[in-house]
Structure formats: structure tokens, C-alpha cells
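Everything below concerns the one structure shown next.
Numbering (mature numbering (1 follows the signal peptide of the UniProt record, and there is no 0)), first residue to last: -25 to -1, 1 to 179.
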């Protein structure tokens, strides 16, 4: 492209989508900023040979000519969906995260509230094209660091084994363990908390 695009802030990383297209042809490059599903919008800065332009409103955009001139544009949701419907439909699904909770000191027994999450997870996996998964095991703050490192990895591996049974190839699953380093609910060291005994599955 004739333009260089720089994003900043978590809002862009989580909430914004760029539509660069028509690179290498005589028409201007176009970048359009889309909101995330709940309406939040981040921001991007588009750089060219002659300047830069920030866009931070939903459906705002810029056209960048071969010479580097930047012209701001503003579209509506209906216009973007009509004009770029096929391009939007070709985007990969947004990453999703699921949290599975475990019983105290267990790497195999799920907490009762996790059954509904497992059902949701199975439904998503059934429709997700070529999913890549990261499973991170966690513990509460009861017990030693060494013990919890091992327990959290066992929890991650339990979930990975379940995913493999659901038909996900092992090479598409990455496991990691955080022990008691990243509690969902901060507590004093040595204090058990059921919300911290978990594995987080991210699908992308």
C-alpha cells in the first residue's frame, strides 16, 4: 500500500477492523474504521509520503492517492455493508475466550458451573473453521508456587485432551501454565478462591 498504518491502544487491538484493498491499482487506497460488536471504536493513524491522518469514529476513513495525498471520508454502516459485504464476510471470526473452573486441588474435576461453558465451547468449535487454541491453566493462591505450577499445567493438559477428543488436532492447541501468578480474584497468599481455579481457552 501507499500508506503506512499505525494503531495504538487496546481499543484498536480489540475493537477495530481495517479494510485495506485495491493495493497496486490506480484508485486510492482506502482504510475504513469499524466498531466492534458492542459499538466501541478505537483509533488508527494513517501515514503517507505527504502527511498523516488520525481516524477515530465509526465508519470514518481515508483515501490515500499514489502521490500520498490523504482525504478523509465518512460512510454509514449500511453503505459499508452494501459496498464491502463480501470483504466483511471473508474476515476470520473474532477471537473468543472461555473459562473452565476446577474443584479445589483437582486437575480433572470441573466445578458444576463449568458444564454450561463446556456446552457453549463445543457449539463454537463445531462451526469454527480451522481453530487455533491457547489453553492457560491457573490456580488459586493456596499451596506452594511449585505445586501450583504443576497443577495449573495439569489443568491445561486436561482441557487440551478434551479438545482433542472434540476433533481438534493436537498441533492446533498450545498449552501454558501460570500457577498462582495471575489470579482472577486477588487474595492474600495461601487463601483459596474458587474463581482462581481455572483454565482459560482462547480460540482464534
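All C-beta atoms, glycine included, are put in the ideal place defined by N, C-alpha and C.
Secondary structure at residue i, three-state DSSP: helix, strand or coil?
i	result
residue 18	coil
residue 4	strand
residue 65	coil
residue 35	strand
residue 85	strand
residue 9	strand
residue 92	helix
residue 102	helix
residue -3	Note on residue -3: pLDDT 43, under 50, position unreliable in the model; no value is reported.
Mind checking who residue i pairs with in its DSSP beta bridge?
i	result
residue 151	111
residue 170	Bridge partners of residue 170: none, in fact.
residue 48	36
Considering just the uninterrupted stretch of the alpha helix (DSSP H) at residue i, what are its terminal residues?
i	result
residue 77	From DSSP, residue 77 is part of no alpha helix (DSSP H); its letter is neither H nor E.
residue 52	52 to 58
Classify residue i as buried or exposed, calling it buried when 16 or more other Cβ atoms lie within 10 Å of its own Cβ.
i	result
residue 79	exposed
residue 157	exposed
residue -2	Any answer about residue -2 is weak, because its pLDDT of 47 lies below 50 and its placement is not dependable; what the coordinates show is given next. Answer is exposed; the Cβ neighbour count stays below 16.
residue 142	exposed
residue 53	exposed
residue 130	buried
residue 138	buried
residue 175	buried
residue 63	exposed
residue 104	exposed
residue -4	Below a pLDDT of 50, predicted positions are generally treated as unreliable, and residue -4, at 41, falls in that range; no measurement from the model is reported.
residue 119	exposed
residue 4	buried
residue 154	buried
residue 150	buried
residue 51	exposed
The beta strand (DSSP E) spanning residue i covers which residue range?
i	result
residue 139	It is not in any beta strand (DSSP E) - residue 139 instead sits in the alpha helix (DSSP H) that spans 120 to 140.
residue 174	173 to 178
residue 28	27 to 30
What is the C-beta distance between residue i and residue j, in whole angstroms, given that I count them as a contact (C-beta under 8 Å)?
i	j	result
residue 88	residue 76	6 Å
residue 134	residue 110	5 Å
residue 37	residue 48	6 Å
residue 166	residue 116	6 Å
residue 185	residue 112	In this structure the chain extends from -25 to 179, so residue 185 is not present and cannot be described.
residue 7	residue 34	6 Å
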